[in-house]
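So the structure is just underneath, and the comments pick up after that.
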Amino acid sequence: MFGFINKIKNIFSRQVSENEDVKIEKSSEKVLLSSNLDENIKHLRSVFDRCNDVAMRSFQINAEEPIDGFLIYIDGMIDEKLTATNVLRSLQLNPAILKGQEINRSNVFNIIKDSFLSTTEVRIVNDMTKVVENILSGQAVLLIEGTPQAIVSSVRQMEDRSVEEPQSEPLVRGPRDGFVESLRTNTTLIRRRLKTSRLKMEIFKVGTLSRTDVAVIYIDGIANNKIVDEVKRRIKRIEIDGVLESSYLEEFIEDDPSSIFPQVNTTERPDRMCACLLEGRVGILVDNTPICLIVPATFPQFLQSPEDYYNRFPYATFTRILRFVTMHIALLLPSAYIAVLTFHQEMLPTPLLISIAGQREGVPFPAFLEAIMMEMVFEFLREAGVRLPRPIGQAVSIVGALVIGQAAVSAGLVSSAMVMVVSLTAIASFTIPTISGSYAVRILRFPMMVLAASFGLFGIMVGLMAILIHVCALRSFGVPYITPLAPFSSSDFKDSFIRMPWWAMIRRPKFMGLQDSKRQKLGQKPGPSQNKNDDKGGKSGA
Amino acid sequence: MVLEKGKVSSRQGVLLLTFTVVVSTAVLTVPAITAAAAGRDGWICTLVVATVYGLLTALVIIKLWQRFPNKTIIEYSQIIAGPLGKVVGAAYILWFIHINSVVVREFGDFILTSFMPETPLIAFIIILLILGAWATKSGLEVICRANEFIFPLFTLSIAGVFLLAMQEADFSNLLPVMENGIKPILRGSWAPMAWRGEIIVVSMLLPYVDDSDNIGKYLAYSVIIIGIILTFATVFTTAVIGELTKYLSFPFFELARCITIGRFIERVEALVLVMWVAGVTIKVATFFYIASLGTGQLLGLSDYRPVVLPLGLLLGVWSLELFESSIQSIQWLTEVFPFYAFVFELGIPLVLLIIAVLTKKGGQQKSE
């Protein structure tokens, strides 16, 4: 069994061998800018040969004797208006402010950099590769005759979706904003919530062709340095042609790629991200996707919703316990049904057994086949409903309800008890608030059904033990996966399957080995007399 | 050479693990075995005599560990007894494997007779050994963590059976106390004593416990808590089932069968099954692990994982061929196992300790 798994592992790891390395589009030697403008232009034209979206503009700087200038940028990635007014116009008109100074070839570069460009961010580069890189990332680059340097002016502006309510994680109570595709907007959403200089964001470029910006975000002094370094190390190690979504990174940085359980948490909500950062976790934001990664992930997280923290703690605890129960229903109900009907009929109370047996009288299939058929149908419907355009999606649900709910039962293919089981399982699986968490449960349901059909309750228990051994062996960035249950920690248990009130959660999760674990001061439990003076006043009044 | 790089806390590795290792099988069979010899006084055997013996064993283990804080019994027996120590180590490994195959067989017989009489025994043995091998390969930390997770479920289901059986219990079944004097009690104590002595497994684990201050305390707690749980089991089976206890193979299981709640929930023995599978998996994994680790240490391997598969095959065949029927296994557990176990649980460690004291081997000081 293990040998077989290893073989599969080898197949996966062997795919990219040393020889067929991905071709990296990077000029090996450093090409410095020349002081001859025409030469630079020629080089840039050859680099951007057949790139129709690159805009190049030659112009003259209005000095005593006109100096040639050259502006290059990618059309659509910059703010045209800003460039026209703040870059081109100020260069083409000779400003009268600088009467005292004579502009000539030797000092034109510095004067332009210091006095003329009224954009906020200006950088100097002298390397052709850097120039190309900056152009590609949406900056305008200014080249001037006689100077072997280029001015990179930040006028980036790309088409963006506005901040909307995240579709995958809706809340009843809580902030309505969600991450968007632009990395900068996303970091702003986080910074707005955590106004501290200890919030660090480090940018890495991943992808040899896509050159995607990846930001590693953490709170300095709270997050465990070891974990932060490990995250950076794993991200730097990645060599891939393009990163289009954060899942590309997820598969590269997780601890056990063959595990069915998600080891990286994802979110679309800045508030959830900030809550995790405050717990000492590390966030990974990827440009061009609203889905962000949070590591290390622990299993209880996948049963948590940000709303648990916005509702009062008794309600939150109730819903969390509810989800814990529904997760088990989603995982085990069909297999328990199979096991009881196939092996342990005596466990059912007699009236219930008679009722179920009566319904199953005309059903031609054994319980296992019946269950697996209906579960498959449900998975078909779910998949169909997700991929279809919304108007057709409704048609799917009507067909599904009719086919499953009515026709199958009246045709005598399945018993109505089975329909109950499948729909209960479905509803239960919808209560798992994270997508990756519910995927794990959905897939594991099928092996559990096979085990139940072959060994009854014993098989189910064996399956559960196998899952338990597996999750006990899992780690996410060094943190045991099912903390705080095992290893048990009473202070971390306060925020796991239950949620204690905020004033009782004095420490941040211990399991991450945080530097600064104190969250708030002790003894803030509110009561009727929160202020002693008020209390006295009240008494004298009465 | 360190074969196990993981570290566990003393709560995980000593208190909880020994509890599961002993209780998971003892709670099912011990009441019948003590009842056969001591009748209704079985609870005295489990409460008093076995606990004293267990504490004595714990004392010897701790004393040896204090002399050799970073060594397992396989390693320090070689230091103490020289070349003979190798033989002792090999004997221990064989004993671990043997006990493990008995556990696996007991488990197979139980599932076979109680739940699925038509499935071949080998199926259960293979499944259990796959789980055990997987846990063993994952290492000590994983076994301890899995045990920590199931510990509350395990204790709750045992406590649940006791609570629900309360209404069926007739405690006058326990009277009169010590009708036939002390002799039958001593005779009935052999089995619970041998089971309590299984805490010897920690002599293989103590080097990997990272907070050594609590080890002695937790080991003693464990012995006492096991005593209390087993006493409850004996008392309740006697109170509910009465004189018949000694004729049953798995009296605790029958106890669960007696339970009805409001005429609707009947036959909650599935609770026992859940407890049994979870507990036995941990027990088998623990013995499997220490046997593999011991083999690795004895042969001077750099990793114990390669021996897991051969040991698993050995375990499977051995447990299949061990007994011809479950009656024979009960007989073996009653008549042979205790004396066989005493040699390894108390005898050899005591001799090793005496030699170590006389020859002044090993550090006297406690590890920091």
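In order, the protein sequences belong to chains V and B. So for the first sequence, the numbering used here puts the first residue at 9; every next one is plus one. So for the second sequence, the numbering used here puts the first residue at 2; every next one is plus one. Just so you know, even glycine gets a beta-carbon here, dropped at the ideal spot from N, CA and C.
Beta carbons nearer than 7 Å to chain V: which residues of the segment 276-305 of chain B have them? Val-278, Ala-279, Thr-282
If I follow the unbroken beta strand (DSSP E) through Arg-67 of chain V, where does it start and stop? Your numbering for residue 67 of chain V matches position 59 in the first sequence. Going by the sequence as given, residue 67 of chain V is Phe instead of Arg. Unbroken beta strand (DSSP E) run through Phe-67 of chain V: 62-69.
Met-209 of chain V: first and last residue of the uninterrupted beta strand (DSSP E) it sits in: Within the first sequence, the letter at position 201 stands for residue 209 of chain V. That run of the beta strand (DSSP E) goes 207-214.
Pro-177 of chain B versus Arg-368 of chain V: straight-line alpha-carbon distance, rounded: Residue 177 of chain B sits at position 176 when you count from the first residue of the second sequence. Residue 368 of chain V sits at position 360 when you count from the first residue of the first sequence. Going by the C-alpha atoms only, they are around 54 Å apart.
Proximal residues of chain V, C-beta to C-beta of Glu-149 of chain B below 8 Å: Counting from 1 along the second sequence, the entry for residue 149 of chain B is found at position 148. Ordered by position in chain V, the residues that pass the 8 Å Cβ test against Glu-149 of chain B are Leu-493, Ala-494, Pro-495, Phe-496.
Starting from the Cα of Ile-490 of chain V, find the closest Cα among B:Ile-151, B:Val-309, B:Ser-293, B:Cys-259 and give me that residue. Numbered from its first residue, the first sequence carries residue 490 of chain V at position 482. Out of B:Ile-151, B:Val-309, B:Ser-293, B:Cys-259, B:Ile-151 has the C-alpha closest to the C-alpha of Ile-490 of chain V.
Can you confirm whether Leu-421 of chain V, when its beta carbon is compared against all beta carbons of chain B, has any partner nearer than 7 Å? In the first sequence, residue 421 of chain V corresponds to position 413, counting from 1. Not one chain B Cβ lies under 7 Å of Leu-421 of chain V.
Show which residues of chain B have a CB atom less than 9 Å away from the CB atom of Ile-364 of chain V. As a position in the first sequence, residue 364 of chain V is number 356, starting the count at 1. Going along chain B, no residue has its Cβ under 9 Å from Ile-364 of chain V, so there is no contact; the nearest lies around 15 Å.
Please return the same chain residues whose Cβ sits closer than 6 Å to the Cβ of Ala-375 of chain V, not counting the five positions on each side in sequence. One-based indexing of the first sequence puts residue 375 of chain V at position 367. These residues qualify, in order along the chain: Ile-346, Leu-349, Thr-350.
Going by C-alpha distance, which of V:Ile-143, V:Ala-158, V:Arg-289, V:Phe-117 is nearest Leu-40 of chain V? By one-based count along the first sequence, residue 40 of chain V stands at place 32. For the residues V:Ile-143, V:Ala-158, V:Arg-289, V:Phe-117, the minimum Cα distance to Leu-40 of chain V belongs to V:Ala-158.
Name the DSSP beta bridge partners of Thr-156 of chain B, please? Looking up residue 156 of chain B in the second sequence gives position 155. None, per the DSSP bridge assignment.
Would you grab the beta carbon distance between Val-188 of chain V and Pro-270 of chain V for me? Rounded to a whole angstrom, and I think it's under 8 Å. What you label residue 188 of chain V is simply residue 180 of the first sequence in a count that begins at 1. What you label residue 270 of chain V is simply residue 262 of the first sequence in a count that begins at 1. Rounded, the Cβ-Cβ distance is 23 Å, inconsistent with contact.
Is there a Cβ from chain B that is less than 7 Å from the Cβ of Val-6 of chain V? In the structure displayed, chain V extends from 9 to 550; residue 6 of chain V sits before or after that span and is not available.
Does the count of Cβ pairs from the segment 253-267 of chain B and the segment 60-67 of chain B closer than 8 Å reach three? no
For the segment 106-135 of chain B, which residues have a beta carbon sitting closer than 9 Å to at least one beta carbon of chain V? Ile-112, Phe-116, Met-117, Thr-120, Ala-124, Phe-125, Ile-128, Leu-129, Ile-131, Leu-132, Ala-134, Trp-135
From Ile-227 of chain V to Gly-393 of chain V, what does the alpha carbon distance come to, in whole angstroms? Taking the first sequence and counting its residues from 1, the one referred to as residue 227 of chain V is at position 219. Taking the first sequence and counting its residues from 1, the one referred to as residue 393 of chain V is at position 385. Between Ile-227 of chain V and Gly-393 of chain V, the C-alpha separation is close to 40 Å.
Ala-59 of chain B and Val-210 of chain B closer than 7 Å at C-beta: By one-based count along the second sequence, residue 59 of chain B stands at place 58. By one-based count along the second sequence, residue 210 of chain B stands at place 209. Against a cut-off of 7 Å, the Cβ pair of Val-210 of chain B and Ala-59 of chain B comes out as no contact.
How big is the Cα-Cα spacing for Glu-5 of chain B and Thr-196 of chain V? Within the second sequence, numbered from 1, the residue matching residue 5 of chain B stands at position 4. Within the first sequence, numbered from 1, the residue matching residue 196 of chain V stands at position 188. Computed Cα separation, rounded: 47 Å.
Sort out for me which residues DSSP pairs Leu-301 of chain V with in a bridge. Here residue 301 of chain V refers to the residue found at position 293 of the first sequence. V:Thr-274, V:Ile-292, per the DSSP bridge assignment.
List the residues of chain B whose Cβ lies closer than 7 Å to the Cβ of Pro-455 of chain V, in chain order. Your numbering for residue 455 of chain V matches position 447 in the first sequence. Those within 7 Å of Pro-455 of chain V in chain B number zero; the least Cβ separation is about 13 Å.
For Lys-34 of chain V, does the three-state DSSP call read helix, strand or coil? If you number the first sequence from 1, residue 34 of chain V lands on position 26. Residue placement at Lys-34 of chain V is poorly supported in this model, since its pLDDT is 47, which falls under 50; the coordinates are not used for a value here.
Run through chain B and tell me which residues come within less than 8 Å of Met-209 of chain V, C-beta to C-beta. Here residue 209 of chain V is taken as the residue at index 201 of the first sequence, counted from 1. Within 8 Å Cβ-Cβ: nothing; Met-209 of chain V doesn't reach chain B, min ~34 Å.
Cβ-Cβ separation, Ile-186 of chain B to Pro-304 of chain B (assumed contact under 8 Å), whole Å: By one-based count along the second sequence, residue 304 of chain B stands at place 303. By one-based count along the second sequence, residue 186 of chain B stands at place 185. Per the sequence shown, the amino acid found at residue 304 of chain B is Asp instead of Pro. With 8 Å as the limit, Asp-304 of chain B and Ile-186 of chain B do not qualify as a contact, their Cβ atoms being about 48 Å apart.
Does any CB atom of chain V fall closer than 7 Å to the CB of Ala-271 of chain B? Stepping through the second sequence from its first residue, residue 271 of chain B is reached at position 270. So yes, Ala-271 of chain B belongs to the interface.
Compute the beta-carbon to beta-carbon distance between Phe-324 of chain B and Arg-106 of chain B, rounded to the nearest angstrom, for a pair I have assumed lies under 8 Å. Counting from 1 along the second sequence, the entry for residue 324 of chain B is found at position 323. Counting from 1 along the second sequence, the entry for residue 106 of chain B is found at position 105. The Cβ separation is near 6 Å, so the contact holds.
Glu-262 of chain V CB to nearest chain B CB: under 7 Å? Reading the first sequence from its first residue, position 254 is the one you call residue 262 of chain V. No - not a single Cβ of chain B is within 7 Å of the one on Glu-262 of chain V.
8 Å Cβ cut-off: residues of chain B touching Gly-464 of chain V: As a first step, residue 464 of chain V must be located in the first sequence, where it is residue number 456. Ordered by position in chain B, the residues that pass the 8 Å Cβ test against Gly-464 of chain V are Phe-116, Met-117.
Three-state class that DSSP yields for Ala-344 of chain V in the structure shown: Within the first sequence, the letter at position 336 stands for residue 344 of chain V. Three-state result, Ala-344 of chain V: helix.
Rounded to the nearest angstrom, what separates Val-407 of chain V and Ser-255 of chain V at their Cα positions? The sequence position of residue 407 of chain V within the first sequence is 399, counting from 1. The sequence position of residue 255 of chain V within the first sequence is 247, counting from 1. Cα to Cα, Val-407 of chain V sits roughly 33 Å from Ser-255 of chain V.
Please give the ranges of any alpha helix (DSSP H) in the segment 276-325 of chain B, keeping only runs that are unbroken, at least 4 residues long and fully inside the region. 309-322
Alpha carbons only, please: which of B:Ala-36, B:Leu-85, B:Ala-342, B:Phe-116 is nearest the one belonging to Asn-174 of chain B? Walking along the second sequence from the start, residue 174 of chain B turns up at place 173. For Asn-174 of chain B, the nearest C-alpha among the options comes from B:Ala-36.
Could you give the DSSP three-state label for Tyr-222 of chain B: helix, strand or coil? Counted from its first residue, the second sequence places residue 222 of chain B at position 221. In this structure, Tyr-222 of chain B counts as helix in the three-state DSSP scheme.
Cβ neighbours of Val-281 of chain B in the same chain (closer than 6 Å, five flanking residues each side left out): Reading the second sequence from its first residue, position 280 is the one you call residue 281 of chain B. Only Ser-25, Phe-108 meet the Cβ criterion.
Roughly how many angstroms lie between the CA atoms of Asp-249 of chain V and Ser-218 of chain V, to the nearest whole one? Within the first sequence, residue 249 of chain V is the residue found at index 241, counting from 1. Within the first sequence, residue 218 of chain V is the residue found at index 210, counting from 1. Going by the C-alpha atoms only, they are around 7 Å apart.
Measure the beta-carbon distance from Ile-292 of chain V to Val-222 of chain V and round it to whole angstroms, keeping in mind my assumption that it falls under 8 Å. Position 284 of the first sequence holds residue 292 of chain V. Position 214 of the first sequence holds residue 222 of chain V. With 8 Å as the limit, Ile-292 of chain V and Val-222 of chain V qualify as a contact, their Cβ atoms being about 6 Å apart.
If we ignore side chains and look at the alpha-carbon of each, how far apart do Ser-446 of chain V and Ser-437 of chain V end up? For this step, residue 446 of chain V is matched to residue 438 along the first sequence. For this step, residue 437 of chain V is matched to residue 429 along the first sequence. Going by the C-alpha atoms only, they are around 6 Å apart.
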